[in-house]
Each structure stands twice: as structure tokens, then as C-alpha cells.
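Working notes, beginning with the structure itself.
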Amino acid sequence: MPLIYLIAGEPSGDLLAARLMAALREAGGEDIRFAGIGGEAMREQGLDSLFPQADLAVMGLAEVVPSIPRILGRLKQTLADIRRCRPDVVLTVDSWGFTGRVAKQLKAEGHPALRIHYVAPMVWAWKAKRVHQLAARLDLLLCLLPNEPEWFHKAGLAAEHVGHAVLESGAGDGDGAAFRARHGIAAGAPLLCLLPGSRRSETSRLLPVFGEVAGLLAARHPDLRLVLPTVETVAAEVAAAAAGWAVPALVVHGRQERYDAFAASRAALAASGTVALELALAGLPMIITYRVTPVTAWLLRRLVKVKWACLLNLLLDRQVVPEFLQERCRAATLAAAVAEVMDDETVRRTQRDGLGEALACLGQGAQSPSRRAAGLILKAVAERKEP
145 MPLIYLIAGE PSGDLLAARL MAALREAGGE DIRFAGIGGE AMREQGLDSL
195 FPQADLAVMG LAEVVPSIPR ILGRLKQTLA DIRRCRPDVV LTVDSWGFTG
245 RVAKQLKAEG HPALRIHYVA PMVWAWKAKR VHQLAARLDL LLCLLPNEPE
295 WFHKAGLAAE HVGHAVLESG AGDGDGAAFR ARHGIAAGAP LLCLLPGSRR
345 SETSRLLPVF GEVAGLLAAR HPDLRLVLPT VETVAAEVAA AAAGWAVPAL
395 VVHGRQERYD AFAASRAALA ASGTVALELA LAGLPMIITY RVTPVTAWLL
445 RRLVKVKWAC LLNLLLDRQV VPEFLQERCR AATLAAAVAE VMDDETVRRT
495 QRDGLGEALA CLGQGAQSPS RRAAGLILKA VAERKEP
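Position 174, counted from 1, in the sequence shown is what our numbering calls 318; the numbers after and before it change by one each time, with no gaps.
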């Protein structure tokens, strides 16, 4: 049976890859073998990660530069492990900054493994020239959004739309009542879900602001409670920061706790990213924010060609979810916006209607994205082995 070498560089990719591992076993049999690099969810599927996924989870110029020696060392280690394992497929998930370099080197060496990438870089938003880069390095690209394959077909790369994997995450299936009972939160107490990101560079910038927001909201809601669903890579930092806040904060870990927290909450304040799609599935009104270094912000404003940061807004080409980026990521501004989505039923209803529209654009109700992706991967392997 084939050996598939997976590389997922961040927690969101870890979840996608874990679901794909399960779908590959379902479609191809329990004898499919896996090796590579991943996080907690992939470990639950049996992966023995070559090194901690957190070593690759950096973002922004100021964060990447000091990490370059470590990342280059991990790149060398990854390539050596692939040569040793001799996999049939090298399946990279998101994190193109790292995984693209792996694919480039394997192509240069003439390595026989199929090079498949899951989650197309958003070339339609910025750095469109990457289309040709991917076409030169990959055998197959699996895309989350329906408009993406045509961008790559023009460059001669086989690309398929499989649907957005967040649709099978279970984010909309949480049990809010059970969560409140489990953690001693009264049924009527307003619960705010805070999601400051999955990278240390994100949490270090957003947690102090989130703590201030909580303090401001407590004046309006004296019985306010906070929940911070987090991931293994930043759990200690999140807990340490929240311990000093004026408002009681519950830090939880694990997918079920995360989704139960969504169901129990009145609203969410979240770092921009895939989490917005999970919150949309849960039907939880939200505010999105983000902050990077001034240098990174300066570069992004010159490179990015889209109006919105949140994919939900991009899909509908209008602002359904309020965004407060960079200079607008201030405690007073965020507190006012969060108060509105917590207290104003018209605002809450309007946002939820928009979230439903955006999810329909992603293909909600269609075939499981992981199953479709697994089928395409196994088909590519079979075709490669044909005489």
C-alpha cells in the first residue's frame, strides 16, 4: 500500500490533514501508511511527527526573519527524511512558504514521489505570479474554493475543486448547554468567546488588547464570562496572559471543547483566519481583528489586492463580518463592536443571514471535501503506477 508523506505547517492545516488521513483510510484501506510533520489532530490519526509543528508556524516579516535559521534547518531535515522514507506521495497542506520549498527541491532532484498540494495559495488576492511557481513544482493541486482551479489550469497545472474542509469540521454541532453545565456557567450569563490566533506572533499582539476589551465590556455586563478555546502550541501563553485579566477567563483545549464553547457563547472576537468559517458554521455572530508589525502591514498594503481580510466578506464582496485591522485593532473600538453583536438582535440576525449565504458559496451540503480529495489522491497514485 502507498506511503503518503504529509506536511502541515500550522494548526488549521493539521485539522485538514487529519480529516484527509481518515478519508484516505476509508477509501483506500487501513494499510495506507503515513509519515511526515503535523500537530495534535494528525497525531490522533497515528502520525509520528518528525518534529513539532510549532517550529513552522510563523507569520509576518518581523517574525519570519529571526526564525530563518531554524526553518532552514527543518527544511533540510524534512528533505532528508523524505529521501529516507521513499514515499509514493508527498502531500503538502497549506503553508506554501515552507512546503513550496520542499516541492521545489524534490522536483529539482527528480524525486519520483507525486507532489500534491492541498489548499491553493490565494493568488487571486495577492502575488498572482505564484500560479507559475506552483505549476512548475506540483503534479496536482486540490483547491478549496470553486473559482480557484481556472487560475492554475491556464498555467498547465492539474487542479481540482474539492470544497472547503471546514464544512466537515463539526463546528456547528457543539453542545452549549453541556458546556455551561460542565464549567459552572449560569444559563443566563453572557459568554464571550475570544480567539486570539494559533501562532505565538498572533497571541502576543492580540491577548493584551483582548484583555482590555473584556474589562471594558464588564462595565456593561457585570456577569460577563470569557472562554478562550486554544491549541496546544500556544495554550501555556494564553493561560498565563488570561490569568491576569479582571474578568474570569476559562481556557479550554481540544476540538469538542472548542465547538461546545462556540455553541455556548453569545458572540466571538477572533483573529482573522480559518476560525471565522468555523464560527460561521456555528452561527455565532463575530468581530474579526488582526495586528502585525508596522513593516509587515506596510508590505501587505502594497501587495494585497482585495478589500477584505475575512474570507466570508470576500465570498460575498461585502462586509458581513466587521473587520478591525492594524490601527483599528484598539480596545475601545473592539469593545463597542462586540457589544453591538452581543446586544442588538437586528445586527445579530443580519450577520447570521450573511453567514448562511457565505457558507452556501463554499459548497455546504455537497460531498465531503476530504472524501473527494482522498479519491483524487488515490486516483493519481493508481494512474502513476499504471504501465
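For every residue, glycine included, the Cβ atom is placed at its ideal position computed from N, Cα and C.
Residue i to residue j span [Cα, whole Å]
i      : j      : result
ALA547 : SER416 : No information on residue 547 is available, as it lies outside the stretch 145 to 531 that the chain covers here.
ILE329 : ARG369 : 8 Å
ASP367 : GLY332 : 9 Å
LEU499 : SER211 : 37 Å
LEU459 : ASN291 : 10 Å
GLY388 : VAL396 : 17 Å
VAL485 : LEU361 : 12 Å
TRP240 : GLN197 : 14 Å
LYS298 : GLU304 : 13 Å
LEU456 : VAL465 : 7 Å
ALA414 : ALA315 : 15 Å
GLY173 : LEU191 : 16 Å
GLN511 : ALA518 : 12 Å
ARG515 : ALA171 : 8 Å
TRP295 : ARG399 : 34 Å
HIS276 : MET186 : 30 Å
LYS251 : ARG281 : 6 Å
ARG435 : GLN221 : 32 Å
PRO438 : LEU223 : 34 Å
ALA279 : ARG349 : 36 Å
VAL391 : ARG326 : 19 Å
PHE323 : GLU401 : 7 Å
VAL371 : ALA524 : 43 Å
CYS229 : ILE521 : 19 Å
LEU160 : ASP317 : 18 Å
ALA383 : ARG528 : 48 Å
ALA475 : ALA363 : 14 Å
ALA479 : ILE176 : 49 Å
GLU501 : PRO213 : 44 Å
According to DSSP, residues forming a beta bridge with residue i
i      : result
ALA235 : One detail in the question is off: residue 235 reads as Leu in this sequence, not Ala. Per DSSP, LEU150, ILE260.
ARG177 : LEU147
GLU397 : Residue identity differs from the one stated: residue 397 is His in this sequence, not Glu. According to DSSP, HIS397 bridges with THR374.
CYS337 : VAL371, ALA412
MET165 : MET165 pairs with nothing; no bridge assigned.
GLU304 : LEU286
MET430 : ALA412
GLU467 : ILE432
Sequence-distant residues of its chain with Cβ nearer than 7 Å to residue i (five each side left out)
i      : result
ASP319 : ASP404, ALA407
ARG472 : none
PRO293 : CYS287, ALA303, GLU304, HIS305
ARG344 : VAL378, GLU381
THR477 : PHE468
ALA346 : A quick correction: the sequence has Glu, not Ala, at residue 346. Cβ neighbours of GLU346 beyond the five flanking positions: PRO340, ALA415.
VAL419 : LEU339
Nonlocal neighbours in the same chain, by C-beta distance under 6 Å from residue i, ignoring five residues either side
i      : result
GLU467 : ILE432, ALA453, CYS454
ILE151 : GLY180, ILE181, THR236, THR243
LEU421 : VAL310
PRO334 : HIS365, LEU368, ARG410
LEU200 : GLY153, PHE242
ALA481 : ILE431, PRO466
LYS451 : none
LEU423 : ALA412, MET430
SER342 : PRO155, VAL375
LEU205 : Residue confidence for LEU205 is low, a pLDDT of 46 falling below 50, so the modelled location carries little weight; the figure read from the coordinates is stated next. For LEU205, where only same-chain residues beyond five positions count, the Cβ hits under 6 Å are VAL439, THR440.
Rounded distance between the beta-carbons of residue j and residue i, thought under 8 Å
i      : j      : result
ALA412 : LEU394 : Actually they are not in contact, since the Cβ atoms of ALA412 and LEU394 sit about 14 Å apart, beyond 8 Å.
GLN463 : ALA441 : Actually they do not touch by this definition, with Cβ atoms about 20 Å apart.
LEU447 : LYS271 : 7 Å
GLY507 : GLY307 : 4 Å
TYR149 : ILE226 : 6 Å
PRO513 : GLU188 : Between GLU188 and PRO513 the Cβ distance is about 19 Å, and since that is not below 8 Å, they are no contact.
Cβ neighbours of residue i in the same chain (closer than 8 Å, five flanking residues each side left out)
i      : result
ALA544 : Here the chain comprises residues numbered 145 to 531, so residue 544 is not present and cannot be evaluated.
PHE195 : ILE181, ARG218, GLN221
Within-8 Å CB hit, residue i to chain D
i      : result
GLY241 : Checking the listed chains, one finds no chain D in this structure; it contains a single protein chain.
The stretch 280-288 in contact with the stretch 490-497 per 3-pair CB rule at 8 Å | no
Contact the stretch 343-355 vs the stretch 159-166: 3+ CB pairs below 8 Å = Counting C-beta pairs with one atom in each stretch, the stretch 343-355 and the stretch 159-166 have fewer than three that are closer than 8 Å, which means they do not touch.
Contact the stretch 250-260 vs the stretch 221-235: 3+ CB pairs below 8 Å = yes
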